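Undergrad:
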């Protein structure tokens, strides 16, 4: 999931899963974004880091039409000032609506 | 004031794997900066002939990751120092096969990975890039 | 430490203009991580739709402004993800791209992706600080 190297922690592209069972939690782009970022917050805290140490986020969406839905949820998770980010649309596996990866200051 | 990090271009020992030079393209195979090596996306190329591989996806992924290992070793690093991998597949249904081969190269403590599908050029089945710790 | 690089000109503040929850760039660990740069007017934030070539010129101009404001430059680019809307424009991308990276180009991967607002190109870059 997350690998530390040098000054940074590199987090894999995360999808909406139950953090305890690993089961997929498919939903809307907004609900999947919420699940992913809640999981990310837990993951970073367990690694001694936090959402306010994220430097760069890449968001992959199954459709760019959903960008505002993702952004509305996203804005609630990342405190001021937010990390750098790139968002694009691509073909995602298994009907997944959103994948989020990030690079974090360790 | 913190000292500025220097950028150094890296090249593969095997010139047939230097797609940047071969194609006279505006990039380098990789850049070393500070603790890190950032590689350009790599595609399935036969290291003995320089020819593109048209084989099944498993073979393409295997070739690409072998070439990536060579690229990193040429720069004094290695696959076990890889921190992050981006795998782009032309066909999303190749995910399982890709993953099967991928695990052969990263069997223990694998790097962070994000995999997805996009349109790829020249009929390539995969394109793979990574960030690794320098040697 | 993580340092925010603010928009050097008001048009590059995408939060204000488009509600994008992102900072223009962040400096950390000797590197500068930039948000995906789009073809927008750096003074007004207006979208500059055009050909891939014209859009790329605007993007590189914006990146130059942003990186130089942070004490870096296009010559210090380390890695680029070049997002293009269709791989058929690959050669067109290269023609304009090479004008800006002549002094030792960075690593690059080209992604054919769906880009926001129907733009033809976007550049996602990391530079040495």
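Residue numbers (my numbering), protein chains in the order written: chain A, 1 to 106; chain B, 1001 to 1135; chain C, 2001 to 2129.
Don't be surprised by glycine CBs; every beta carbon is placed ideally from N, CA and C.
In this text the structure is predicted, and so the values were computed from the model without any measurement.
Do you know offhand how far residue 24(A)'s Cα is from residue 94(A)'s?
TA: If you number the first chain from 1, residue 24(A) lands on position 24. If you number the first chain from 1, residue 94(A) lands on position 94. Between residue 24(A) and residue 94(A), the C-alpha separation is close to 10 Å.
Undergrad: Residue 97(A) lies in the alpha helix (DSSP H); which residues open and close that run?
TA: As a first step, residue 97(A) must be located in the first chain, where it is residue number 97. Element bounds for residue 97(A): n/a, residue is neither H nor E.
Undergrad: Please name the residue or residues paired with residue 1086(B) in a DSSP beta bridge.
TA: Along the second chain, read from residue 1 onward, the residue named residue 1086(B) stands at position 86. Paired residue(s): 1114(B) and 1129(B).
Undergrad: Taking only beta carbons into account, state which residues of the region 1101-1117 of chain B come closer than 9 Å to chain A, listed in chain order.
TA: 1109, 1110, 1111, 1112, 1113, 1114, 1115, 1116 and 1117
Undergrad: DSSP three-state label for residue 74(A), please.
TA: Looking up residue 74(A) in the first chain gives position 74. Looking at residue 74(A) - three-state DSSP - the assignment turns out to be helix.
Undergrad: Taking residue 2127(C) as the query, report the chain A residues whose CB atoms sit under 8 Å from its CB, ordered along the chain.
TA: As a working note, residue 2127(C) is residue 127 in the third chain. The premise fails here: residue 2127(C) is roughly 11 Å from chain A at the closest Cβ pair, so nothing lies under 8 Å.
Undergrad: Tell me where the alpha helix (DSSP H) around residue 1019(B) begins and ends.
TA: For the purposes of this step, residue 1019(B) is taken as the residue at position 19 of the second chain. 1019-1022 is the extent of the alpha helix (DSSP H) around residue 1019(B).
Undergrad: Under a CB-based cut-off of 8 Å, is residue 2094(C) close to chain B?
TA: Your numbering for residue 2094(C) matches position 94 in the third chain. For residue 2094(C), the answer is yes, since a Cβ of chain B falls inside 8 Å of its Cβ.
Undergrad: Using a Cβ-Cβ cutoff of less than 8 Å, which residues in the same chain neighbour residue 1049(B) once the five nearest sequence positions on both sides are dropped?
TA: Position 49 of the second chain, counting from 1, holds the residue named residue 1049(B). 1016, listed in sequence order.
Undergrad: Straight-line CA distance for residue 2043(C) to residue 104(A)?
TA: Walking along the third chain from the start, residue 2043(C) turns up at place 43. Walking along the first chain from the start, residue 104(A) turns up at place 104. Going by the C-alpha atoms only, they are around 31 Å apart.
Undergrad: Hey, is the region 1119-1128 of chain B in contact with the region 57-72 of chain A, meaning 3+ C-beta pairs nearer than 8 Å?
TA: Contact between the region 1119-1128 of chain B and the region 57-72 of chain A is absent, because fewer than three Cβ pairs lie under 8 Å.
Undergrad: With a cut-off of 8 Å, does the C-beta of residue 37(A) fall near any C-beta of chain C?
TA: Here residue 37(A) refers to the residue found at position 37 when the first chain is read from its first residue. So no, residue 37(A) is outside the interface.
Undergrad: Let me check understanding here. Comparing Cα to Cα, which of 28(A), 44(A) and 22(A) lies closest to residue 98(A)?
TA: Looking up residue 98(A) in the first chain gives position 98. The residue with the shortest Cα to Cα distance from residue 98(A) is 28(A).
Undergrad: I want to see whether chain A comes within less than 8 Å of residue 2020(C), judged by CB atoms only; does it?
TA: Here residue 2020(C) refers to the residue found at position 20 of the third chain. Interface with chain A (8 Å Cβ-Cβ cutoff): residue 2020(C) is included.
Undergrad: Would you call the CB atoms of residue 90(A) and residue 51(A) closer than 8 Å?
TA: Looking up residue 90(A) in the first chain gives position 90. Looking up residue 51(A) in the first chain gives position 51. Cβ distance not < 8 Å, so residue 90(A) and residue 51(A) don't count as in contact.
Undergrad: In the region 1031-1044 of chain B, which residues sit with their C-beta less than 7 Å from some C-beta in chain C, listed in chain order?
TA: 1031, 1033, 1034, 1038, 1039, 1040 and 1041
Undergrad: What does a CB cutoff of less than 6 Å around residue 2126(C) pick up in its chain, not counting 5 residues either side in sequence?
TA: Locating residue 2126(C) in the third chain gives position 126, counting from the first residue. The residues are 2031, 2033, 2078 and 2079.
Undergrad: Rounded to the nearest angstrom, what separates residue 56(A) and residue 49(A) at their Cα positions?
TA: On the first chain, position 56 is the one that residue 56(A) refers to. On the first chain, position 49 is the one that residue 49(A) refers to. Taking the straight line from one Cα to the other gives about 14 Å.
Undergrad: List, in chain order, every chain A residue whose beta-carbon is nearer than 7 Å to that of residue 2116(C).
TA: In the third chain, counting from the first residue as 1, residue 2116(C) sits at position 116. Neighbours of residue 2116(C) on chain A, chain order: 64, 67 and 87.
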